[in-house]
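A short worksheet on the structure shown next.
Residue numbers (the numbering used here): 242 to 457.
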């Protein structure tokens with residue numbers, strides 16, 4: 242198979258390279274940076290706003306709950322809560338999205354939108370309102386099932402891209418020394434509960450803990 246040929250070439254050229262000392266390097270513990278709000282004046286037509294904070298690392302047991310929660314909030318879908326609130330209902334933005342990245346010892350949650358300068362405060366208010374909804378209102382069984390189905394569908398589509406699969410395999414072997422199949426990821430998503438998602442929302446989606454950067 243093509244994969245076995247790749248393995249054979251890697252072993253041929255890299256088998257003699259020693260791993261001694263690579264894993265023993267000391268990492269500096271991530272620090273919680275102070276919450277900051279900055280405005281950068283660039284003289285542009287629209288105001289670009291980024292909000293975010295540090296969050297779970299790739300080994301955290303609640304990472305799949307946050308992964309699913311982020312997709313509900315501002316993931317890759319027209320029905321995300323931020324897209325519905327800011328764009329579909331109020332026509333304030335062309336694009337709004339949220340993202341979560343998990344690293345070896347920390348993670349990042351962020352959200353972004355761009356709007357006319359006079360609408361910034363209203364947009365921020367709507368964002369905070371959606372964060373509050375997820376903290377205070379647990380997803381119904383129908384909402385949870387819909388969210389899981391959508392995210393799993395996105396993962397299945399992504400798995401059709403061979404480059405994505407190769408990169409995912411490489412990262413898994415690098416960080417876990419094992420490969421997590423798409424089926425395993427789907428099982429992890431299916432195991433997430435509404436209670437777990439609300440707990441994560443309370444922990445992560447606190448507006449007072451979000452730093453904010455505005456380009457105006």
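Cβ atoms here follow ideal geometry from the backbone N, Cα and C, with glycine treated the same way. Owing to the predicted nature of the structure, the values given are computational and were not obtained by experimental measurement.
- Residue range 382 to 399 is occupied by the alpha helix (DSSP H) that includes residue 387.
- Per DSSP, the beta-bridge partners of residue 453 are 278, 292.
- Residue pairing by DSSP puts residue 352 in a beta bridge opposite 292, 339.
- In this structure, residue 350 keeps its C-beta atom at 8 Å or more from the C-beta atom of residue 336.
- For residue 406, the three-state secondary structure derived from DSSP is helix.
- Taking the CA atoms as reference points, residue 278 sits about 13 Å from residue 289.
- With a contact defined as Cβ atoms closer than 8 Å, residue 371 and residue 294 miss out at about 16 Å.
- Between residue 400 and residue 439, the alpha-carbon positions lie close to 28 Å from each other.
- Approximately 7 Å separates the beta-carbon atoms of residue 363 and residue 333; this is inside 8 Å, confirming the contact.
- For residue 334, DSSP records a beta bridge to 356.
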